[in-house]
Structure formats: structure tokens, C-alpha cells
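Number of protein chains: 2
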Amino acid sequence: MNAPDRKLNILVSNDDGIDAPGIYALVQELRKIGTVTVVAPDKQQSAVGHAITMNYPLRVRQYQKNGKFFGYAVEGTPADAVKLAVRALLQGKPDIIVSGINHGSNTAISIIYSGTVSAATEGTILGIPSLAISLTTYGKADFTYAARFARKLTRVVASHGLPKGTLLNVNVPPLKPQDIKGVLVTRQGKSTWDDTFDARRDPANKEYYWLTGALQEADNSSRDADQWAVTNRYVSITPIQYDLTDYSMMDEMKRWNVERLK
Amino acid sequence: MNAPDRKLNILVSNDDGIDAPGIYALVQELRKIGTVTVVAPDKQQSAVGHAITMNYPLRVRQYQKNGKFFGYAVEGTPADAVKLAVRALLQGKPDIIVSGINHGSNTAISIIYSGTVSAATEGTILGIPSLAISLTTYGKADFTYAARFARKLTRVVASHGLPKGTLLNVNVPPLKPQDIKGVLVTRQGKSTWDDTFDARRDPANKEYYWLTGALQEADNSSRDADQWAVTNRYVSITPIQYDLTDYSMMDEMKRWNVERLK
Numbered sequence: 228m229n230a231p232d233r234k235l236n237i238l239v240s241n242d243d244g245i246d247a248p249g250i251y252a253l254v255q256e257l258r259k260i261g262t263v264t265v266v267a268p269d270k271q272q273s274a275v276g277h278a279i280t281m282n283y284p285l286r287v288r289q290y291q292k293n294g295k296f297f298g299y300a301v302e303g304t305p306a307d308a309v310k311l312a313v314r315a316l317l318q319g320k321p322d323i324i325v326s327g328i329n330h331g332s333n334t335a336i337s338i339i340y341s342g343t344v345s346a347a348t349e350g351t352i353l354g355i356p357s358l359a360i361s362l363t364t365y366g367k368a369d370f371t372y373a374a375r376f377a378r379k380l381t382r383v384v385a386s387h388g389l390p391k392g393t394l395l396n397v398n399v400p401p402l403k404p405q406d407i408k409g410v411l412v413t414r415q416g417k418s419t420w421d422d423t424f425d426a427r428r429d430p431a432n433k434e435y436y437w438l439t440g441a442l443q444e445a446d447n448s449s450r451d452a453d454q455w456a457v458t459n460r461y462v463s464i465t466p467i468q469y470d471l472t473d474y475s476m477m478d479e480m481k482r483w484n485v486e487r488l489k
Numbered sequence: 228m229n230a231p232d233r234k235l236n237i238l239v240s241n242d243d244g245i246d247a248p249g250i251y252a253l254v255q256e257l258r259k260i261g262t263v264t265v266v267a268p269d270k271q272q273s274a275v276g277h278a279i280t281m282n283y284p285l286r287v288r289q290y291q292k293n294g295k296f297f298g299y300a301v302e303g304t305p306a307d308a309v310k311l312a313v314r315a316l317l318q319g320k321p322d323i324i325v326s327g328i329n330h331g332s333n334t335a336i337s338i339i340y341s342g343t344v345s346a347a348t349e350g351t352i353l354g355i356p357s358l359a360i361s362l363t364t365y366g367k368a369d370f371t372y373a374a375r376f377a378r379k380l381t382r383v384v385a386s387h388g389l390p391k392g393t394l395l396n397v398n399v400p401p402l403k404p405q406d407i408k409g410v411l412v413t414r415q416g417k418s419t420w421d422d423t424f425d426a427r428r429d430p431a432n433k434e435y436y437w438l439t440g441a442l443q444e445a446d447n448s449s450r451d452a453d454q455w456a457v458t459n460r461y462v463s464i465t466p467i468q469y470d471l472t473d474y475s476m477m478d479e480m481k482r483w484n485v486e487r488l489k
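Protein sequences appear in the order of chains C and S. For the first sequence, my numbering begins at 228 and goes up steadily by one. For the second sequence, my numbering begins at 228 and goes up steadily by one.
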């Protein structure tokens with residue numbers, strides 16, 4: 228809990244890269260409520276999942292925007308950027324970490340591929356309340372409303388705190404404020420990708436594959452699913468965590484008599 | 228459920244790369260119970276998390292071992308390899324996917340960084356019973372016992388099946404069979420890494436960082452934790468899933484009155 232007059236120390240990262248418009252819009256809003264430090268990948272890192280760099284050195288450079296210092300660009304993944312920020316670059320732990328604003332949706336199964344979510348997950352692992360924000364469009368993006376929403380939610384999270392091990396994954400539809408119907412607390416939905424691989428030949432006639440596909444919406448009548456919420460013009464907030472244990476299956480497996488496999 | 232006399236179709240992948248000794252040992256054992264197809268990254272992909280390649284083409288080549296065709300080497304991540312195998316390379320879905328044998332532990336928090344687990348997770352997303360196997364040593368590795376255990380467990384999983392969305396994460400201590408105390412069904416433990424970054428200077432005097440650190444064991448008296456099991460000479464089998472929703476926090480957040488943030 229922060230005293231109301233104390234300025235928040237906010238760490239911002241993303242997966243679209245430090246030069247993406249989404250992180251810029253986010254930083255502009257968050258500066259209204261705190262001291263913002265930006266530590267983000269130097270280039271696009273979408274769909275990197277929770278990758279970290281162990282076999283290569285990480286380099287960092289100062290990144291300028293409009294002639295002024297904007298933040299630290301890390302030659303690595305979103306999880307690298309947050310880990311390096313907290314463990315090596317910053318003086319002291321930030322009060323809160325905000326990752327985004329991602330250009331594209333991070334609902335349902337996409338959560339496990341998402342670099343945006345991964346930056347916030349890494350923050351949570353390091354014991355810092357963290358949130359991930361995505362704008363659910365792959366087309367032309369106006370981050371104004373999403374950035375404002377992120378600012379308001381950041382204040383709420385800073386005041387309520389989050390349980391150890393829990394982060395918030397937020398998806399905002401690409402609409403004008405008056406067209407947003409409301410805000411829903413949701414679960415990770417069941418929608419999945421119908422991946423297909425386009426088999427092509429390069430100029431040397433060697434085959435290669437290109438991943439393509441579309442999100443297959445599930446939960447079509449389920450108001451509590453993240454994808455349902457954004458499709459129906461609500462902002463979606465999903466509390467997530469990273470204990471992946473399937474506890475009910477643990478009980479089931481006790482009947483398998485695994486000891487005999489020894 | 229498979230008829231006992233039908234040969235299993237088994238897809239094998241890993242994250243250490245198709246030329247790693249762990250995948251070779253695994254394939255030798257699994258060939259005793261089924262028809263094995265290997266589709267694996269062409270090089271080391273540890274700690275890539277659930278990364279997939281979207282912005283680059285994927286290339287595949289046939290990989291020979293000891294003068295014979297061994298499998299398909301994919302220029303991509305473990306999740307790429309499994310996705311490409313199931314969606315483009317194989318005729319029909321495999322009955323089961325086995326990822327490994329990883330050279331190194333994948334317990335506790337490491338699960339979310341693990342490429343080995345990610346290959347099995349991708350299999351599960353594609354609706355195929357999947358397991359990930361790791362040998363819990365970073366030193367000299369003898370995969371004999373772990374490969375034999377993998378074979379026995381593969382048969383059990385093929386016969387029992389797994390619930391939709393559930394996979395098994397298996398960690399085997401690097402011991403002789405007679406020194407293994409037994410087999411435990413476990414939960415993902417709470418152990419974490421105390422990451423530190425070693426700040427160095429390159430020959431041009433430019434600074435870089437290298438990630439280092441050790442696993443800090445938690446759950447020291449908790450028999451049901453994965454890390455406890457392997458430290459205490461048990462094989463650990465953890466059923467995991469990828470619905471990350473923190474359901475208890477959903478209830479808590481209903482008291483936050485998030486609607487006012489709109």
C-alpha cells in the first residue's frame with residue numbers, strides 16, 4: 228500500500244520493442260502518476276513466450292525518443308528486460324510493473340505465447356505487482372483509451388496490491404471510450420488457433436513453411452471468458468498465475484500405481 | 228485406448244536439439260514399443276519458453292545419425308517443431324508425444340522457461356497426450372534409466388489417456404536404478420532462481436551482462452513438491468495444464484468495483 232502523496236516507481240516493458248507506439252502511449256499516461264523507467268527489448272519479440280537468454284550475453288543501450296532519453300533497450304526478450312531491470316539496472320525494486328501496450332490481442336491460448344504477458348509474469352516472479360495490457364487489434368491502433376485505462380488500473384493495483392504469484396492480464400478493445408460497454412473480470416478462455424502452415428519454395432527452390440491461422444472463438448456464450456468480453460466490447464481483466472499443477476489429475480494419478488514403473 | 232497389438236505412433240521432440248544424446252537415448256527405447264518419428268529443433272533451444280516463430284519462415288531438413296535417417300531438424304523452437312510435425316509433416320496425428328530427454332532439471336519455476344515442457348504443451352494444445360522428460364543434472368549424463376522409465380510411462384499414458392488440456396512433466400534423478408527410491412506424483416514446487424547478472428566488459432570495453440544464479444529450494448519438507456522428490460532420489464511426475472486463471476482472485480476482484488475504471 229502506498230501513501231497517496233508518494234510518487235509511484237513504475238517499470239514499463241513490452242514485447243513490441245522500445246520504439247513501438249504502444250509503449251510510448253503507455254509511458255505518457257503513467258508519467259502522470261509516477262516516476263517511469265522503461266526497460267524493453269530493442270526490437271519486436273512477439274510470441275517469444277517466457278524465453279530467457281542464458282547462452283548469450285545481454286547488451287543494453289540508452290534509447291532516445293524525440294531527442295530525449297526514453298529508456299533502456301535490451302538485446303533480449305521481454306523476460307530478460309524485466310529480470311535485468313530489477314536485478315541490475317534499477318536502484319531498488321519498482322512498486323509496480325506495467326507491460327504493453329501490446330499491438331494485438333492476448334486472450335485465451337495466446338497468453339502462453341505472449342511476450343507481453345511474460346514480462347509481467349517475470350515481474351510477479353520477482354515479487355512485484357505486475358500487469359500486462361493489450362489492444363485487441365492487428366490493424367490500425369489508437370492507444371489513447373487503453374493507455375488511460377492502464378493508468379487508472381495501475382493506481383488501483385498499487386493501492387490494493389496483488390496476491391503473491393498473481394498478475395493481471397488486460398485486453399482492451401480498439402474502440403472509442405463511448406463505445407466500450409464496461410469492464411469485466413474474466414477467466415482465460417478456451418479459444419485456440421487453427422494453425423496451418425503455408426508450404427512455399429524459395430528462389431533456390433528449397434521448401435520452407437510459414438505459420439498462419441486464425442483464432443477459433445470458443446466460449447461464445449460465456450460472459451466470463453476473456454475473448455467473449457473483448458468481442459462484445461468490454462475491457463477484460465484476467466487474474467492469472469503460474470502454478471501449472473493440475474491438482475485434480477494428481478488425485479486421479481494416484482490410482483495409476485506409478486510406483487510399479489520404477 | 229489402444230488395442231494392445233497395435234503399434235503406437237510416437238512423435239519425439241526436445242529442446243536440446245536433434246543431435247543431443249538425450250533424444251537419441253529416448254528414441255532407442257521408444258522404438259521398442261512403437262513407430263517413432265523425430266521432429267526437433269536443429270540446435271539448442273533451452274529456456275525458450277513457449278516461443279513460436281511467426282515472423283520468419285521455418286525450414287526443415289532431414290537429419291542423419293550414424294549414416295541413417297534419424298529425424299527432421301527444424302530451424303525453430305520446440306513448439307514450432309511439434310506444431311509443424313502435427314500440422315504439416317506427419318500423416319495423421321501421433322498417438323502420443325514425448326519430449327526429451329532434457330539434460331537438466333525442469334522443476335518448480337523452471338517449468339515456465341522450459342522448451343522441453345513447451346514441446347509437450349504444444350502437443351496437448353493440439354489434442355495429443357504428451358509428456359516431457361528431464362534428467363536432473365547439468366553434469367555428466369547417463370540417460371539409460373530415464374529412457375527406460377520414459378518407455379514404461381509412455382505405455383501407461385497411451386493406455387490410460389490424459390484429460391484434455393493436461394500433460395505430464397517428469398523429472399528423473401541422475402542415479403543408478405537401485406539408488407532410485409520410488410516414483411511420486413507431485414505438484415509444481417515453489418523453488419525459484421536467485422538470478423544475478425554478471426556485468427562484464429567486452430574487448431572494446433563495452434559493458435554486457437551474463438545471467439547466472441542457482442535454484443533456491445523451497446518446499447524442503449514437502450513430499451508432494453517436484454524438487455523435493457528429485458532431491459530425495461524419487462522420480463517426479465507432475466500433471467500440469469495451461470489454464471492460468473487465478474479463480475480465487477476473480478472472486479476477490481469483484482470487490483474492486485472495476486466498472487468505475489471505464
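Even for Gly, the Cβ is constructed at its ideal location relative to N, Cα and C. Since we're looking at a predicted model, the values are computed, not measured.
**Q.** Rounded straight-line distance, which links the Cα of Ala252(S) to that of Leu380(C)
**A.** 51 angstroms
Q: Step through the CB atoms of chain C and report whether any lies within less than 9 angstroms of the CB of Asn282(S).
A: yes
Q | Pick from Ala274(S), Gln405(S), Arg375(S), Pro401(S) that is closest to Lys367(S), judged by C-alpha positions | A | Pro401(S)
Q: Name, please, each residue of chain S whose Cβ falls closer than 7 angstroms to the Cβ of Pro390(C).
A: Met476
Q. Would the region 446 to 459 of chain C and the region 374 to 394 of chain C be scored as touching if the rule is three or more Cβ pairs under 8 angstroms?
A. no
Q. Are the C-beta of Asp243(C) and some C-beta of chain S separated by less than 9 angstroms?
A. no
Q) For chain S, is any of its Cβ atoms less than 9 angstroms away from the one on Leu235(C)? A) Under the Cβ distance rule, Leu235(C) does not count among the residues neighbouring chain S, no pair being separated by less than 9 angstroms.
**Q.** Where Gly298(S) falls: helix, strand or coil (DSSP)
**A.** strand
(Q) Less than 9 angstroms between CB atoms is the rule here; does Thr334(C) satisfy it with respect to chain S? (A) no
Q: Please report the residue range of the beta strand (DSSP E) in which Trp437(C) lies.
A: 434 to 439
(Q) Tell me the DSSP secondary structure of Ile360(C) in three-state form. (A) Residue state for Ile360(C) is assigned as strand, using DSSP reduced to three classes.
**Q.** Per-residue burial, Glu486(C) [other beta carbons within 10 Å of its own, 16 or more giving buried]
**A.** Glu486(C) is exposed by the Cβ-count criterion.
Q) How far does the alpha helix (DSSP H) with Val344(S) in it reach, from first residue to last? A) 342 to 352
Q. At least one CB of chain C closer than 9 angstroms to the CB of Ala441(S): is that the case?
A. Judged by the 9 angstroms Cβ criterion, Ala441(S) is not in contact with chain C.
Q. Hey, quick one: how far does the beta strand (DSSP E) through Arg414(S) stretch, first residue to last?
A. Here Arg414(S) belongs to no beta strand (DSSP E), and DSSP marks it neither H nor E.
Q: Starting from Val310(S), trace the alpha helix (DSSP H) both ways and give me its first and last residue.
A: The amino acid occupying residue 310(S) in the given sequence is Lys; Val does not appear at that position. From DSSP, the alpha helix (DSSP H) with Lys310(S) extends over 305 to 311.
Q) Is the beta carbon of Ile328(S) less than 9 angstroms from the beta carbon of Ile250(S)? A) yes
**Q.** For Val275(C), the three-state DSSP class (helix, strand or coil)
**A.** coil
**Q.** Host beta strand (DSSP E) of Lys292(C) (start-end)
**A.** Run containing Lys292(C): 287 to 292, per the beta strand (DSSP E) assignment.
Q: Classify Thr264(S) as helix, strand or coil using the three-state DSSP reduction.
A: strand
Q: Within the same chain, show all residues whose beta-carbon is closer than 8 angstroms to that of Asp422(C), passing over the 5 residues directly before and after it, in chain order.
A: Leu438, Thr439, Gly440
Q. So, using beta-carbon positions, are Ala335(C) and Lys234(C) closer together than 9 angstroms?
A. Between Ala335(C) and Lys234(C), the CB-CB gap reaches or exceeds 9 angstroms.
Q. So, are the CB atoms of Ile360(C) and Gly276(C) less than 9 angstroms apart?
A. In terms of Cβ geometry, Ile360(C) and Gly276(C) do not form a close pair [threshold 9 angstroms].
Q | Distance between Thr304(C) and Ser341(S) (C-alpha atoms, nearest Å) | A | 15 angstroms
Q.
Strictly under 9 angstroms for the Cβ-Cβ distance: is Asp406(C) near chain S by that measure?
A. Output row for Asp406(C): interface = no.
Q: Measure from the C-beta of Ile355(S) to each C-beta in chain C and report whether the shortest distance is under 9 angstroms.
A: Not an interface residue.
(Q) Helix, strand or coil, according to DSSP, for Tyr372(C) in the structure here? (A) Correct three-state label for Tyr372(C): helix.
(Q) Any contact between the region 473 to 488 of chain C and the region 287 to 296 of chain S? By contact I mean 3 or more CB pairs, one from each, below 8 angstroms. (A) no
Q: Just confirm the distance between the C-beta atoms of Ser332(C) and Thr363(C), as a whole number of angstroms; I'd bet it's less than 8 angstroms.
A: 4 angstroms
Q: Identify each residue in the region 308 to 340 of chain S for which the Cβ-Cβ distance to at least one residue of chain C is less than 7 angstroms, and report them in chain order.
A: Lys310, Leu311, Arg314, Ala315, Ile336, Ile338, Ile339, Tyr340
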